[in-house]
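Student:
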């Protein structure tokens with residue numbers, strides 16, 4: 219079942235996602251434009267565990283994603299609901315690095331970092347950087363919409379109170395995210 223999750227992630231969101239990982243850039247969909255990720259230092263440090271419900275092609279999977287950001291590295295670990303690591307992707311010094319559990323080839327999961335930046339980075343950091351890449355990001359009433367130069371909707375994200383709904387229309391993919399409370403330390 220978890221192998222199916224990896225295949226689903228790779229096919230739906232992640233496989234079309236590496237334009238030039240050595241330059242920290244990802245392709246947003248099979249024919250979409252390239253998003254060059256912002257440096258981790260362009261957002262405040264944070265750490266969060268998020269439950270992700272992924273829907274694509276009539277299937278639904280639940281995953282956990284542990285995200286950590288500091289001035290040097292943005293890292294996301296994709297976990298099974300029981301905590302088994304399925305994939306790890308990071309952005310450090312302008313390079314995307316990824317690894318995954320399982321026997322098949324390297325997944326191209328940089329798009330996960332782009333979705334993290336879309337939902338968690340300050341708008342003031344994103345807008346100028348994306349504009350340089352011929353992408354437009356607008357936020358109205360808590361909903362962010364990312365469009366290419368031709369006005370085509372690439373992604374939308376509506377977030378409030380630790381919950382987000384993300385749609386990637388070109389990929390026929392939707393994600394629901396819910397931040398989980400931090401674990402209490404052992405006594």
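Residue numbers (our numbering): 219 to 405.
For glycine and all other residues, C-beta sits at the position ideal for the given N, C-alpha and C.
#1: When DSSP builds the beta bridges, which residues end up paired with residue 384?
#2: Check each candidate in 255, 288, 244, 401 and name the one with the smallest Cα separation from residue 263.
#3: Per DSSP, residue 316 is paired with what?
#4: With a cut-off of 8 Å on the beta carbons, I'd call residue 286 and residue 396 a contact; round off their distance for me.
#5: Check the C-beta distance from residue 255 over to residue 332 and give it rounded, since I have them as a contact under 8 Å.
#6: Once you ignore the five residues that flank residue 308 on each side, which residues in its own chain have a CB closer than 7 Å to its CB?
#7: Using only CA atoms, which one of 382, 306, 296 lies nearest to residue 374?
#8: Would residue 273 and residue 392 qualify as a contact pair, given that the criterion is a beta-carbon distance under 8 Å?
#9: Rounded to whole angstroms, what is the Cα-Cα separation between residue 351 and residue 364?
#10: Considering only their Cβ atoms, is the gap separating residue 355 from residue 344 smaller than 8 Å?
#11: I'd like to confirm the pairing. Which residues does DSSP put opposite residue 366 in its beta bridges?
#12: Per DSSP, which one or two residues make a beta bridge with residue 278?
#13: Would you tell me roughly how many angstroms separate the C-alpha atoms of residue 284 and residue 248, rounded to the nearest one?
#14: Which of the three DSSP states, helix, strand or coil, is assigned to residue 398?
#15: Assuming residue 281 contacts residue 297 (C-beta within less than 8 Å), just tell me the rounded distance between them.
#16: In this structure, does DSSP put residue 344 in helix, strand or coil?
#17: Can you check whether the CB of residue 361 is closer than 8 Å to the CB of residue 376?
Tutor: Reading it off the structure:
#1: Sequence index remark: in the chain shown, residue 384 carries index 166 (1-based). Paired residue(s): 375, 393.
#2: Taking the first residue of the chain shown as position 1, residue 263 is located at position 45. Taking the Cα of residue 263 as reference, the smallest distance to any Cα among 255, 288, 244, 401 is reached at 288.
#3: Locating residue 316 in the chain shown gives position 98, counting from the first residue. Beta-bridge pairing links residue 316 to 307.
#4: Counted from its first residue, the chain shown places residue 286 at position 68. Counted from its first residue, the chain shown places residue 396 at position 178. No, residue 286 and residue 396 are not in contact; Cβ-Cβ is about 18 Å, not under 8 Å.
#5: Translated into positions along the chain shown, residue 255 becomes position 37. Translated into positions along the chain shown, residue 332 becomes position 114. Sure, about 6 Å apart at Cβ, within 8 Å.
#6: In the chain shown, counting from the first residue as 1, residue 308 sits at position 90. Excluding sequence neighbours, residue 308 sits near 291, 292, 293, 315.
#7: Along the chain shown, one-based indexing puts residue 374 at 156. Considering only alpha carbons, the answer is 382.
#8: Start at 1 with the first residue of the chain shown, and residue 273 comes out as number 55. Start at 1 with the first residue of the chain shown, and residue 392 comes out as number 174. Going by C-beta atoms, residue 273 is nearer than 8 Å to residue 392.
#9: Here residue 351 refers to the residue found at position 133 when the chain shown is read from its first residue. Here residue 364 refers to the residue found at position 146 when the chain shown is read from its first residue. Whole-angstrom Cα-Cα distance: 12 Å.
#10: Start at 1 with the first residue of the chain shown, and residue 344 comes out as number 126. Start at 1 with the first residue of the chain shown, and residue 355 comes out as number 137. At the C-beta level, residue 344 and residue 355 come within 8 Å of one another.
#11: If you number the chain shown from 1, residue 366 lands on position 148. Answer is 353.
#12: Working through the chain shown from its first residue, we reach residue 278 at position 60. Paired residue(s): 273.
#13: Here the question's residue 284 lines up with position 66 in the chain shown. Here the question's residue 248 lines up with position 30 in the chain shown. The alpha-carbon atoms of residue 284 and residue 248 are separated by roughly 26 Å.
#14: Sequence index remark: in the chain shown, residue 398 carries index 180 (1-based). Note: residue 398 maps to strand in three-state DSSP.
#15: For the purposes of this step, residue 281 is taken as residue 63 along the chain shown, with counting starting at 1. For the purposes of this step, residue 297 is taken as residue 79 along the chain shown, with counting starting at 1. About 7 Å separates the two Cβ atoms, so the contact holds.
#16: By 1-based counting over the chain shown, the position of residue 344 is 126. Helix.
#17: As a working mapping, residue 376 is identified with position 158 in the chain shown. As a working mapping, residue 361 is identified with position 143 in the chain shown. Yes, Cβ-Cβ distance for residue 376 and residue 361 is below 8 Å.
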